[in-house]
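Participant: Protein chains in written order, with this note's numbering: chain A, 98 to 260; chain B, 9 to 604. Please see the structure below; I have some questions.
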Amino acid sequence: MQKVIDIKENVTKFEELSAYIERQDESQGVLMQTLHKAQELFGYLPIEVQKFVSEKTKIPMAEVYGVATFYTQFSLEPKGKYTVGVCMGTACYVKSSQLVLDQLIKTLKISVGETTEDGLFTLEATRCLGCCGLAPVIMIGDSVYGKLEPKKIPEIIESYRKK
Amino acid sequence: MAIYRSHVLVCGGTGCASSKSDLIKKRFEEKIKEMNLDKEVQVISTGCFGLCEEGPIVVVYPEGSFYSKMQINRVDRIVEEHLYKGRIVREFLYEESIADQKLKSLNQIDFYSKQKRVALRNCGLINPENIEEYIARDGYLALGRALTEMTPEEVIKVVKDSNLRGRGGGGFPTGAKWSFAAPNKADQKYIICNADEGDPGAFMDRSVLEGDPHAVLEAMAIAGYAIGASKGFVYVRAEYPIAVKRLEIAIGQAKTMGLLGKNIFESGFDFDVEIRLGAGAFVCGEETALMASIEGKRGMSRNKPPFPAVSGLFGKPTIINNVETLANIPQIIINGAKWFKSFGSEKSPGTKVFALGGKINNTGLVEIPMGTSLREVIYDIGGGCPNGKAFKAVQTGGPSGGCITADYIDTKIDFDTLTDLGSMMGSGGMIVMDEDNCMVDIARFFLEFTVEESCGKCTPCREGTKRMLEILEDITQGKAVMSDLDKLEKLANNIRSTSLCGLGQTAPNPVLSTLRYFRDEYEAHVLDKRCPAGTCSALLNYSITDNCRGCTKCVRQCPVGCITGKVKELHVIDQEKCIKCGACMEACPFDAIVKK
Numbered sequence: 098m099q100k101v102i103d104i105k106e107n108v109t110k111f112e113e114l115s116a117y118i119e120r121q122d123e124s125q126g127v128l129m130q131t132l133h134k135a136q137e138l139f140g141y142l143p144i145e146v147q148k149f150v151s152e153k154t155k156i157p158m159a160e161v162y163g164v165a166t167f168y169t170q171f172s173l174e175p176k177g178k179y180t181v182g183v184c185m186g187t188a189c190y191v192k193s194s195q196l197v198l199d200q201l202i203k204t205l206k207i208s209v210g211e212t213t214e215d216g217l218f219t220l221e222a223t224r225c226l227g228c229c230g231l232a233p234v235i236m237i238g239d240s241v242y243g244k245l246e247p248k249k250i251p252e253i254i255e256s257y258r259k260k
Numbered sequence: 009m010a011i012y013r014s015h016v017l018v019c020g021g022t023g024c025a026s027s028k029s030d031l032i033k034k035r036f037e038e039k040i041k042e043m044n045l046d047k048e049v050q051v052i053s054t055g056c057f058g059l060c061e062e063g064p065i066v067v068v069y070p071e072g073s074f075y076s077k078m079q080i081n082r083v084d085r086i087v088e089e090h091l092y093k094g095r096i097v098r099e100f101l102y103e104e105s106i107a108d109q110k111l112k113s114l115n116q117i118d119f120y121s122k123q124k125r126v127a128l129r130n131c132g133l134i135n136p137e138n139i140e141e142y143i144a145r146d147g148y149l150a151l152g153r154a155l156t157e158m159t160p161e162e163v164i165k166v167v168k169d170s171n172l173r174g175r176g177g178g179g180f181p182t183g184a185k186w187s188f189a190a191p192n193k194a195d196q197k198y199i200i201c202n203a204d205e206g207d208p209g210a211f212m213d214r215s216v217l218e219g220d221p222h223a224v225l226e227a228m229a230i231a232g233y234a235i236g237a238s239k240g241f242v243y244v245r246a247e248y249p250i251a252v253k254r255l256e257i258a259i260g261q262a263k264t265m266g267l268l269g270k271n272i273f274e275s276g277f278d279f280d281v282e283i284r285l286g287a288g289a290f291v292c293g294e295e296t297a298l299m300a301s302i303e304g305k306r307g308m309s310r311n312k313p314p315f316p317a318v319s320g321l322f323g324k325p326t327i328i329n330n331v332e333t334l335a336n337i338p339q340i341i342i343n344g345a346k347w348f349k350s351f352g353s354e355k356s357p358g359t360k361v362f363a364l365g366g367k368i369n370n371t372g373l374v375e376i377p378m379g380t381s382l383r384e385v386i387y388d389i390g391g392g393c394p395n396g397k398a399f400k401a402v403q404t405g406g407p408s409g410g411c412i413t414a415d416y417i418d419t420k421i422d423f424d425t426l427t428d429l430g431s432m433m434g435s436g437g438m439i440v441m442d443e444d445n446c447m448v449d450i451a452r453f454f455l456e457f458t459v460e461e462s463c464g465k466c467t468p469c470r471e472g473t474k475r476m477l478e479i480l481e482d483i484t485q486g487k488a489v490m491s492d493l494d495k496l497e498k499l500a501n502n503i504r505s506t507s508l509c510g511l512g513q514t515a516p517n518p519v520l521s522t523l524r525y526f527r528d529e530y531e532a533h534v535l536d537k538r539c540p541a542g543t544c545s546a547l548l549n550y551s552i553t554d555n556c557r558g559c560t561k562c563v564r565q566c567p568v569g570c571i572t573g574k575v576k577e578l579h580v581i582d583q584e585k586c587i588k589c590g591a592c593m594e595a596c597p598f599d600a601i602v603k604k
């Protein structure tokens, strides 16, 4: 997938980000929210966007990059249309979420953190999703699938391919 | 205000919302309107009821009828029968609520009857998106009293006298913390609510924020008044969208009503709250890392002193309290320190919320008085292990805690007893494990977590936990020797005593506690190359049982050709050649291949 983003094509997004930055009170530590906002707009944090944030906020690029790479929620890579998150919280783990993850790796033919070639799915092993009552759990987009068995996985994935 | 004769409470906590409880609520509203009952019956979305296992949950008051595992196609009948004709639909009720032919209300069910709800008092009872419902439950009364009838010193004294201890895990007395920050002179002080609940398998704070956000805001304002801070931050995980949304609504409503903002209750006291989102870093639950993150930096911890009460956020005196700690504050102000000390144990008064999970029948959220025994929590409230499996251990305190075995199940839970057993209270995750869970693998699981979440600042944590994980991986793969166990223990003790912050200092706990109670399991992995629980796949062997019909399907699937046998005869796996890929087991139509 293309990693360099076209600044011309995304002018409105940059403008919105710029307006957001100007609204912030600089003394109150703005970088985290700004990166959240940027990721919301662009879907990920390409280097051009980080440079833009650095210029606008006057925070050194090294620091912006440092923060963007420290937190797992910030992604420097574009994500697939659907993010498949497998909960690897303790409650899910003791209920064999590893087997669910293994099955997803087989079905999607990618490993954790990767995106399928057709750009449809990104596979992630996530932290506790907090639906421990439904363990083991996966999340595709905003939808939660609970009390899973590995054999149900191919069918679920197929339903998204057909969408 | 309209008065309704009946209320339908639909759980809108994350667990039930994941099972589409919003659609159930919508259908209730539609059907009630259709039947012209909308002036008599109100439908409310509440916070978590706690018994997530039985979700989605719907409770109908005034009867307290507990409809569990709700499905959308059951709604119409409940409206027609229960709400219209007044006949409770027994077959949809939670099983236990119809014991002995009698209908039990919610509070009579075992799961709830042993609980004492202080922090969760409004969860599952009020609509968290409506400030008036909170106020009707004595909400903001404590703030009003503090601001108009008490001096800041008096507020601190009540909290100190109550001996409330930090519910985030450390157990540090809250009142003492406040009294450190109060005398420090500064142009600005801050209150931070730590809602960066990172322990896997813990969702207490999320449930409080989702079910009763105003209680937290009110407590923050009280804390602000006590130490002289006019600004508060709630640092909350970005993974909790419902909690964030409800907090935003709550802050907006409180500001509109003048319960946050300038000159609250005309006392001259100003207090404002802002939400800051985390971005998925466990270490940010540690207070110095959390402050760095709010400042917009990498969330790395630093040395203490200076303590945050002296020099915290942006270098100003700061108090950081956990969500559940704060949720207790308004009740302490209203009812007094003596009331708070009337339940719980002597050194740990009050209650504690636990998130029960893992191999337990009633997964969910429970609030119990401190001093309740583990047995009561796991068997009476939690309903024991499913499928008749034997209880093996309970893990408390997440990646910072340890395991407690069946031998200690009568331990009365409080901060000190758990620490004595080599575990800790932590934020309150309680993961139950049965005979099928391998304790070495669980220790490895937590170490993997710590290695990923270590911020990398100090060497013991950054390098040491990685080395520990490598040893644990060797053990689970049958590559370790006995001296590795000593090495592991030594390393663990060093990391514990030399790491910079709580994350590193407690990271070895899961290993040390499993080594202490389950050394035989470690030895079985090392000496016999065997995993007694049957979890560690590298130590398991595939074999073919008598169910084999000799269909040869497995032979064709095996990538290394290690299965032999004639058609219609029992097949055999050559263990020397087997690479344990599991392809044969998947291919077998007769479930004749087992792994053990």
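Beta carbons are placed, not taken as given, at the ideal position from N, Cα and C, and that holds for glycine. Values in this document were obtained by computation on a predicted structure and should not be read as measured data.
Over the uninterrupted beta strand (DSSP E) stretch that includes H15(B), give me the two end residues.
Facilitator: In the second sequence, the residue the question calls residue 15(B) occupies position 7. Looking at the DSSP string, the run of the beta strand (DSSP E) that includes H15(B) is S14 to C19.
Participant: Can you name the start and end residues of the alpha helix (DSSP H) that K153(A) belongs to?
Facilitator: By 1-based counting over the first sequence, the position of residue 153(A) is 56. Residues I144 to T154.
Participant: Within the same chain, show all residues whose beta-carbon is closer than 6 angstroms to that of F277(B), passing over the 5 residues directly before and after it, in chain order.
Facilitator: Counted from its first residue, the second sequence places residue 277(B) at position 269. So the qualifying residues of the chain are L155 and Y233.
Participant: Excluding five sequence neighbours on each side, which residues of the same chain lie with their C-beta closer than 7 angstroms to the C-beta of L149(B)?
Facilitator: The sequence position of residue 149(B) within the second sequence is 141, counting from 1. Only I342 meet the Cβ criterion.
Participant: Looking at the structure shown, is A232(A) part of a helix, part of a strand, or coil, going by DSSP?
Facilitator: In the first sequence, the residue the question calls residue 232(A) occupies position 135. Reduced to three states, the DSSP call for A232(A) is coil.
Participant: Using a beta-carbon distance below 8 angstroms, is R120(A) in contact with chain B?
Facilitator: As a first step, residue 120(A) is located in the first sequence; it is residue number 23 there, counting from the start. No - not a single Cβ of chain B is within 8 angstroms of the one on R120(A).
Participant: Does the CB of F362(B) have a neighbour CB from chain A at under 8 angstroms?
Facilitator: Counted from its first residue, the second sequence places residue 362(B) at position 354. F362(B) does not count as touching chain A.
Participant: Check for me: the alpha helix (DSSP H) holding P249(B) runs from which residue to which?
Facilitator: Translated into the one-based positions of the second sequence, residue 249(B) becomes position 241. First-last of the alpha helix (DSSP H) with P249(B): P249 to T264.
Participant: Measuring only the C-alpha atoms, how far is P247(A) from N369(B)?
Facilitator: Counting from one through the first sequence, the residue named residue 247(A) turns up at place 150. Counting from one through the second sequence, the residue named residue 369(B) turns up at place 361. In a straight line, the C-alpha of P247(A) is about 21 angstroms away from that of N369(B).
Participant: Classify T219(A): buried if its beta carbon has 16 or more other beta carbons within 10 angstroms, exposed otherwise.
Facilitator: For this step, residue 219(A) is matched to residue 122 along the first sequence. So T219(A) ends up on the buried side.
Participant: From which residue to which residue does the beta strand (DSSP E) around A222(A) run?
Facilitator: For this step, residue 222(A) is matched to residue 125 along the first sequence. F218 to T223 is the span of the beta strand (DSSP E), which, as asked, contains A222(A).
Participant: Measure the alpha-carbon distance for P325(B) versus I302(B) and round it to whole angstroms.
Facilitator: Indexing the second sequence from 1 puts residue 325(B) at position 317. Indexing the second sequence from 1 puts residue 302(B) at position 294. Roughly 15 angstroms separates the two Cα atoms.
Participant: Assuming S29(B) contacts P64(B) (C-beta within less than 8 angstroms), just tell me the rounded distance between them.
Facilitator: As a position in the second sequence, residue 29(B) is number 21, starting the count at 1. As a position in the second sequence, residue 64(B) is number 56, starting the count at 1. The Cβ separation is near 4 angstroms, so the contact holds.
Participant: For N171(B), which of helix, strand or coil comes out of DSSP?
Facilitator: Here residue 171(B) corresponds to residue number 163 of the second sequence, with the count starting at 1. Here N171(B) sits in coil by DSSP.
Participant: Taking the alpha carbon of T204(A) as the point to measure from, which residue in I156(A), I254(A) and Y190(A) has its own alpha carbon closest?
Facilitator: In the first sequence, counting from the first residue as 1, residue 204(A) sits at position 107. Nearest C-alpha to T204(A): I254(A).
Participant: Under a CB-based cut-off of 8 angstroms, is I439(B) close to chain A?
Facilitator: In the second sequence, counting from the first residue as 1, residue 439(B) sits at position 431. I439(B) counts as touching chain A.
Participant: To the nearest angstrom, report how far apart S545(B) and G243(A) are at their CA atoms.
Facilitator: Sequence index remark: in the second sequence, residue 545(B) carries index 537 (1-based). Sequence index remark: in the first sequence, residue 243(A) carries index 146 (1-based). Each residue's Cα considered, the two are about 24 angstroms apart.
Participant: Quick one: is L31(B) buried, meaning 16 or more other Cβ sit within 10 Å of its Cβ, or exposed?
Facilitator: As a first step, residue 31(B) is located in the second sequence; it is residue number 23 there, counting from the start. Looking at its Cβ environment, which holds fewer than 16 other Cβ atoms inside 10 Å, L31(B) is exposed.
Participant: How long is the line joining the alpha carbons of G542(B) and Y120(B), rounded to whole angstroms?
Facilitator: In the second sequence, counting from the first residue as 1, residue 542(B) sits at position 534. In the second sequence, counting from the first residue as 1, residue 120(B) sits at position 112. Each residue's Cα considered, the two are about 35 angstroms apart.
Participant: Taking Cβ to Cβ, would you say N336(B) is nearer than 8 angstroms to A127(B)?
Facilitator: Indexing the second sequence from 1 puts residue 336(B) at position 328. Indexing the second sequence from 1 puts residue 127(B) at position 119. Yes, Cβ-Cβ distance for N336(B) and A127(B) is below 8 angstroms.
Participant: Taking the alpha-carbon positions, what's the A595(B) to Q195(A) distance?
Facilitator: Position 587 of the second sequence, counted from the start, is the residue given in the question as residue 595(B). Position 98 of the first sequence, counted from the start, is the residue given in the question as residue 195(A). So the alpha carbons of these two residues sit roughly 20 angstroms apart.
Participant: Using the beta-carbon count (16 or more within 10 Å), is M228(B) buried or exposed?
Facilitator: Taking the second sequence and counting its residues from 1, one reaches residue 228(B) at position 220. Classification for M228(B): buried.
Participant: Can you list, in chain order, the residues of the segment 164-180 of chain A whose Cβ is nearer than 7 angstroms to any Cβ on chain B?
Facilitator: Of all residues in the segment 164-180 of chain A, V164, F167, Y168, T169, Q170 and F171 have a Cβ within less than 7 angstroms of some Cβ in chain B.
Participant: Who are the neighbours of R258(A) on chain B, taking C-beta pairs under 7 angstroms?
Facilitator: As a first step, residue 258(A) is located in the first sequence; it is residue number 161 there, counting from the start. The contacting residues do not exist; R258(A) stays about 22 angstroms from chain B at best.
Participant: Taking all protein chains shown into account, decide if C393(B) is buried (16 or more other Cβ within 10 angstroms of its Cβ) or exposed.
Facilitator: Taking the first residue of the second sequence as 1, we reach residue 393(B) at position 385. With 16 or more other Cβ atoms within 10 Å, it is buried.
Participant: Applying the 10 Å Cβ sphere with the 16-neighbour rule, what's the burial state of K185(B)?
Facilitator: Here residue 185(B) corresponds to residue number 177 of the second sequence, with the count starting at 1. With 16 or more other Cβ atoms within 10 Å, it is buried.
Participant: List the residues of chain A that N445(B) touches, going by C-beta distances under 7 angstroms, in chain order.
Facilitator: Looking up residue 445(B) in the second sequence gives position 437. In chain order: V191.
Participant: Can you tell me the Cα-Cα spacing of S73(B) and S105(B), whole angstroms?
Facilitator: Position 65 of the second sequence, counted from the first residue, corresponds to residue 73(B). Position 97 of the second sequence, counted from the first residue, corresponds to residue 105(B). Their Cα atoms are separated by approximately 8 angstroms.
Participant: Starting from K400(B), trace the beta strand (DSSP E) in both directions and tell me its first and last residue.
Facilitator: Mapped onto the second sequence, residue 400(B) falls at position 392. Counting along the chain, the beta strand (DSSP E) containing K400(B) begins and ends at F399 to T404.
Participant: At the 8 angstroms Cβ level, is A232(A) part of the contact set with chain B, yes or no?
Facilitator: Numbered from 1 along the first sequence, position 135 holds the residue referred to as residue 232(A). By this cut-off, A232(A) is an interface position.
Participant: Can you tell me which of F100(B), E247(B), K197(B) and L91(B) puts its alpha carbon nearest to the alpha carbon of G238(A)?
Facilitator: Taking the first sequence and counting its residues from 1, one reaches residue 238(A) at position 141. The shortest C-alpha separation from G238(A) is found at E247(B).
Participant: Measure the alpha-carbon distance for V108(A) versus M43(B) and round it to whole angstroms.
Facilitator: Mapped onto the first sequence, residue 108(A) falls at position 11. Mapped onto the second sequence, residue 43(B) falls at position 35. Those two C-alpha atoms are separated by around 52 angstroms.
Participant: So, using beta-carbon positions, are T413(B) and Y525(B) closer together than 8 angstroms?
Facilitator: The sequence position of residue 413(B) within the second sequence is 405, counting from 1. The sequence position of residue 525(B) within the second sequence is 517, counting from 1. Yes. Within cutoff.
Participant: Run the CB neighbour count on I40(B), radius 10 Å, all protein chains shown included, and call it buried at 16 or more, exposed below.
Facilitator: One-based indexing of the second sequence puts residue 40(B) at position 32. Answer is buried; the Cβ neighbour count reaches 16.
Participant: Excluding sequence positions up to five away, which residues of its chain have a Cβ less than 7 angstroms from the Cβ of V318(B)?
Facilitator: Within the second sequence, the letter at position 310 stands for residue 318(B). Result list for V318(B): N192 and P325, in chain order.
Participant: Would you give the residue range spanned by the alpha helix (DSSP H) that L298(B) belongs to?
Facilitator: Translated into positions along the second sequence, residue 298(B) becomes position 290. From DSSP, the alpha helix (DSSP H) with L298(B) extends over E295 to I302.
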